[in-house]
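Asks:
Residue numbers (my numbering): 192 to 1164.
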């Protein structure tokens, strides 16, 4: 009986299949997952994915009552079109599958904005109306694809399969990295496969895989060769009854690779080939001359070749071609595949291609190039293929021209990754073709500048810097181009090393000064803004002013917007005038700008409103700009920073639920390291909302991301210091805490963050160390006073200064009536806004405390009751707890006794802290407590300090008294 060509049932792979199904089930539950399946060629990756898809799409029991309950499967096969490829090649196939599955209306609804629809129309013909229904420019393709998958996965479970990532184009790899790292959406499962034996240390997929390895939502599945027992099972399915010794030999010879097992079994009684290559070519060797020629011609075209293309490039007539193709199909070298033919396995194609003679290879590739150039000029896949075919045909001028055409298509689809690689290809060919400048329509330095900008858009500063340096090496005499390259080198050096090369900017200014060319003056404006960013004092002010003047003179709104924004940052940073910094930004945002530049200015304006304390305005302005970037299809590129600022403003104005929406959005949109700032915002919210365990879980889970961010952005340390100090706050101040020392050190660091956060750091240090009757450590007090003396005379600084001085007055034991007056004025000032609501609620607690001390107990009781009721919905549940503790201690709650006060405080302790407090009440020392509880004396000391702070006890004696009161009340009950 002849052998079957493949196993009817998959052998083994149960663990691997279970991992895929588990990821799918997570998607069913609303948690998106990416599965990366790796293994060597022929090991069975495709078969594994096919079995997985068969299981998840089957409904044998008829449990699905509606068609939309079934998952939508979209398949993208990466095609070997050379080292560059066509931008978004497999993604285009995915989108067409989605279009076929859900229809035009659903796809348009999921795309959302007119800009996103316009972007997708280039990849999915027919999705956009004709003529275009909006004057808005198309957004970014990657952004549009992300939004589409996110929105579709809200309604259906979407399964995206990307096969053979080792051949993926640069744009697809960049998109996969973004999708996997943020994985927006709900019911979304992405499965990607690649050949591990193809990935050396120079392969472009390698850094993408490294990024995926750091992402927790990515599941890795290794498909290993079959064991000898599994090979025996496969052989039994293919051709039963073989001698066990033959099966054993098959297992050893195949190395457990299922594809090779099939090929070996197919040999039957024929002699075994000497090499694996001969084994892979065994079926091909059995073909006739015409069939071998057709298969070799197919191999030059890729794994799949359309029938019309194959007919055009072969030398056979129609009848002979049909016969040859039929023979190749019958011998199972190729298969019919849609409108064309495909090799049964890529290994076969690669081996057959190596059989071509050099002259045959040149001739066939030329035919492919000529046919595709004449008949498929508009296809992105074929535009890239034409360039690769001309290269293989050794016609460098034709390859150069085809690469220029492919670059034009790539730019029209906003694919910076592909564009950067195409520009590098042109640069390599530049010296080998005649009239390169005329053919390309540009110069070699300009080409390098374009590549540098494309790598910059991708966030790859190292490659951008390399392109800028290569451009400078071939640009000795064009002052405008050389100045642009020098500026690019400065920017990328700054991004890599966090310090620029001022000499580059100085040289650029020297080249541009006095050049009577509008482009030169615009570029000079941009160079001067770079100088102003890196300078301080009079030089920064002079360069910013001149940059503004040049942009105004040339009428270049984008250059003017950048210059005005830099001037705003200078005013806020150098002169500590956040309110004054708003004027240039408000002017900039009124200019005629494209969506990305408007988003850049809008992000700065929103952030500046936050730092100026104009929080309600920040919500309104930021929300509008965020909606604009979503509508423009550039949410990922420009929306993250805006969403972050809006989230802070919403938390600060007491709208936690809406704030959480924006914070989570920002976290998904940001890179791994940048998202740590959103994690800090969420952690701070959990602190003030009195959810310490959730905060601890968040920080533990995200520790790696946070540490990475702190290494990359050391200037953000002060914000984390404030967050940790806020977490340590208690109703009663503590004497000289480590948290206060740390937050003051961060605030005093001259290289740290901007002035606004440093002022909040000083305020937190004061709250940590000063409360009524507790004056705080003299050294800490002196550092706080020095900080206050250096603050400028502006609105927000004055507001925070008055708050800090009122806290210090509490610790100094100032007369109660004076404290009431001071705190009442602060509460009245903060009630309309101006500082975050958690500071307002803290001020109200301090006012109530002052009222108690002044004997105005009824007013204090009313205020504390109001805080208890109002603070939790504002996201400040901790202030409500403080208010309850204060009311309990002061016996303001009807029927409360001294014992009740103690009992209420003690109830806030953890079980371990209660054990320690009980031993404190027995009079035990820290070493004795440690011995009794089997912990170290240092750990016992930490527990004691935490207990004293929580219950507001000044010393161990007070803590023992409070415990005794609580125990007495409990016994009486």
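Just so you know, even glycine gets a beta-carbon here, dropped at the ideal spot from N, CA and C. Remember, predicted model here, so these are calculated numbers, not experimental data.
Mapping the DSSP letters down to three states, classify residue 336 as helix, strand or coil.
Replies: In the chain shown, the residue the question calls residue 336 occupies position 145. Three-state result, residue 336: helix.
Asks: What three-state label does DSSP hand residue 989 in the structure shown?
Replies: On the chain shown, position 798 is the one that residue 989 refers to. Correct three-state label for residue 989: helix.
Asks: How far does the alpha helix (DSSP H) with residue 611 in it extend, from its first residue to its last?
Replies: In the chain shown, the residue the question calls residue 611 occupies position 420. That run of the alpha helix (DSSP H) goes 607-620.
Asks: Tell me which residues share the same chain as residue 1006 and place their Cβ nearer than 7 Å to its Cβ, disregarding the 5 neighbours each side in the sequence.
Replies: The count along the chain shown starts at 1 and reaches residue 1006 at position 815. Correct list: empty, nothing qualifies.
Asks: For residue 1144, report the span of its beta strand (DSSP E) as first-last.
Replies: Taking the chain shown and counting its residues from 1, the one referred to as residue 1144 is at position 953. Segment: none, residue 1144 is in no beta strand (DSSP E) and carries neither H nor E.
Asks: Given a cut-off of 8 Å, decide if residue 468 and residue 359 are closer than it, judged by their beta-carbon atoms.
Replies: Position 168 of the chain shown, counted from the start, is the residue given in the question as residue 359. Position 277 of the chain shown, counted from the start, is the residue given in the question as residue 468. Result no, Cβ atoms of residue 359 and residue 468 do not sit closer than 8 Å.
Asks: If distances are taken between C-alpha atoms only, which option among 712, 750 and 764 comes closest to residue 732?
Replies: Here residue 732 is taken as the residue at index 541 of the chain shown, counted from 1. Among 712, 750 and 764, the Cα nearest to that of residue 732 belongs to 764.
Asks: Using the rule of at least 16 other Cβ atoms within 10 Å of the residue's Cβ for burial, across every protein chain shown, is residue 1101 buried or exposed?
Replies: Locating residue 1101 in the chain shown gives position 910, counting from the first residue. That one is exposed.
Asks: Under the DSSP definition of a beta bridge, which residues are partnered with residue 962?
Replies: As a first step, residue 962 must be located in the chain shown, where it is residue number 771. Its beta-bridge partners are 965.
Asks: For residue 265, which residues does DSSP report across the bridge?
Replies: In the chain shown, counting from the first residue as 1, residue 265 sits at position 74. 351, per the DSSP bridge assignment.
Asks: My output table needs one value for residue 1018: the three-state DSSP class, helix, strand or coil.
Replies: In the chain shown, residue 1018 corresponds to position 827, counting from 1. DSSP places residue 1018 in helix when its eight states are reduced to three.
Asks: Within the same chain, show all residues whose beta-carbon is closer than 6 Å to that of residue 220, passing over the 5 residues directly before and after it, in chain order.
Replies: Counting from 1 along the chain shown, the entry for residue 220 is found at position 29. Excluding sequence neighbours, residue 220 sits near nothing in its chain.
Asks: Which residue marks the beginning of the alpha helix (DSSP H) containing residue 404, and which one marks its end?
Replies: If you number the chain shown from 1, residue 404 lands on position 213. Here the alpha helix (DSSP H) through residue 404 covers 396-404.
Asks: Count Cβ pairs between the stretch 473-481 and the stretch 506-515 that sit closer than 8 Å; are there 3 or more?
Replies: yes
Asks: Buried or exposed: where does residue 1125 fall if 16 or more other Cβ atoms within 10 Å of its Cβ makes it buried?
Replies: As a position in the chain shown, residue 1125 is number 934, starting the count at 1. Under this definition residue 1125 is an exposed residue.
Asks: Measure how close the beta-carbons of residue 246 and residue 289 come, nearest whole angstrom, since I'm counting them as under 8 Å.
Replies: Taking the chain shown and counting its residues from 1, one reaches residue 246 at position 55. Taking the chain shown and counting its residues from 1, one reaches residue 289 at position 98. In fact, because the Cβ distance is near 21 Å, the residues do not count as touching under 8 Å.
Asks: With DSSP collapsed to three states, give me the class of residue 939.
Replies: For the purposes of this step, residue 939 is taken as the residue at position 748 of the chain shown. Here residue 939 sits in helix by DSSP.
Asks: Taking the alpha helix (DSSP H) that residue 890 falls in, what are its first and last residues?
Replies: What you label residue 890 is simply residue 699 of the chain shown in a count that begins at 1. Looking at the DSSP string, the run of the alpha helix (DSSP H) that includes residue 890 is 883-892.
Asks: Apart from the five residues on each side of it in sequence, which residues of its chain come closer than 6 Å, Cβ to Cβ, to residue 552?
Replies: Within the chain shown, the letter at position 361 stands for residue 552. Closer than 6 Å at the Cβ level, and outside the excluded window around residue 552, lies no residue.
Asks: Can you have a look at residue 1163 and say buried or exposed, based on whether 16 or more other CB atoms are within 10 angstroms of its CB?
Replies: Counting from 1 along the chain shown, the entry for residue 1163 is found at position 972. Unreliable placement is indicated for residue 1163, whose pLDDT of 47 sits below 50; the coordinate value is still reported in the next sentence. Under this definition residue 1163 is an exposed residue.
Asks: Starting from residue 206, follow its DSSP beta bridges and name the residues at the other end.
Replies: Within the chain shown, the letter at position 15 stands for residue 206. Note: residue 206 is not bridge-paired with any residue in the DSSP secondary-structure output.
Asks: Below 8 Å on the Cβ atoms is my guess for residue 617 versus residue 631; work out the distance and round it to an integer in Å.
Replies: Against the chain shown, residue 617 aligns to sequence position 426. Against the chain shown, residue 631 aligns to sequence position 440. So it is a contact: roughly 6 Å between Cβ atoms.
Asks: Is residue 529 helix, strand or coil by DSSP?
Replies: On the chain shown, residue 529 is found 338 positions in, with the first residue counted as 1. If DSSP states are grouped into helix, strand and coil, residue 529 belongs with coil.
Asks: Would residue 916 pass as a contact of residue 931 if the rule is Cβ separation under 8 Å?
Replies: Counting from 1 along the chain shown, the entry for residue 916 is found at position 725. Counting from 1 along the chain shown, the entry for residue 931 is found at position 740. Closer than 8 Å, so yes.
Asks: Label residue 199 either buried or exposed according to how many other C-beta atoms from any shown protein chain fall within 10 Å of its C-beta, with 16 as the threshold for buried.
Replies: Mapped onto the chain shown, residue 199 falls at position 8. It is exposed - the Cβ of residue 199 has fewer than 16 other Cβ atoms within 10 Å.
Asks: Could you give the distance in angstroms between the alpha-carbon of residue 809 and the alpha-carbon of residue 868?
Replies: The sequence position of residue 809 within the chain shown is 618, counting from 1. The sequence position of residue 868 within the chain shown is 677, counting from 1. Approximately 18 Å, taken between the alpha carbons.
Asks: Quick one: what's residue 386 bridged to in DSSP?
Replies: Working through the chain shown from its first residue, we reach residue 386 at position 195. DSSP output for residue 386 lists 230 as bridge partner(s).
Asks: Quick one: residues in its chain with C-beta nearer than 8 Å to the C-beta of residue 1070, no 5 flanking neighbours on either side, listed in chain order?
Replies: Position 879 of the chain shown, counted from the start, is the residue given in the question as residue 1070. Excluding sequence neighbours, residue 1070 sits near 879, 1029, 1032, 1033, 1035, 1036, 1058 and 1062.
Asks: Would you call the CB atoms of residue 498 and residue 531 closer than 8 Å?
Replies: Here residue 498 corresponds to residue number 307 of the chain shown, with the count starting at 1. Here residue 531 corresponds to residue number 340 of the chain shown, with the count starting at 1. Cβ distance < 8 Å, so residue 498 and residue 531 count as in contact.
Asks: Compute the distance between the beta-carbons of residue 829 and residue 797, then report whether it is under 8 Å.
Replies: What you label residue 829 is simply residue 638 of the chain shown in a count that begins at 1. What you label residue 797 is simply residue 606 of the chain shown in a count that begins at 1. It is not a contact, given that the beta carbons lie outside the stated cut-off.
Asks: Check the DSSP bridge columns for residue 534 and list the partner residues they point to.
Replies: Reading the chain shown from its first residue, position 343 is the one you call residue 534. Partner(s): 525.
Asks: Distance check for residue 240 and residue 205, CA to CA, integer angstroms please.
Replies: As a position in the chain shown, residue 205 is number 14, starting the count at 1. As a position in the chain shown, residue 240 is number 49, starting the count at 1. Cα to Cα, the separation comes out at about 12 Å.
Asks: Do residue 429 and residue 410 have their beta-carbon atoms positioned less than 8 Å apart in this structure?
Replies: Indexing the chain shown from 1 puts residue 410 at position 219. Indexing the chain shown from 1 puts residue 429 at position 238. Not closer than 8 Å, so no.
Asks: Go ahead and pull the three-state DSSP assignment for residue 224.
Replies: Translated into the one-based positions of the chain shown, residue 224 becomes position 33. In the three-state scheme derived from DSSP, where H, G and I count as helix and E and B as strand, residue 224 is classed as strand.
Asks: Just reading off the alpha helix (DSSP H) that residue 247 is part of, what are its end residues?
Replies: The residue labelled residue 247 in the question sits at position 56 within the chain shown. Here the alpha helix (DSSP H) through residue 247 covers 236-248.
Asks: Which same chain residues end up closer than 7 Å to residue 504 when comparing Cβ atoms and leaving out the 5 residues on each side of it in sequence?
Replies: Locating residue 504 in the chain shown gives position 313, where the first residue counts as 1. Excluding residues within five positions, the ones whose Cβ falls inside 7 Å are 488, 555, 558, 559 and 562.
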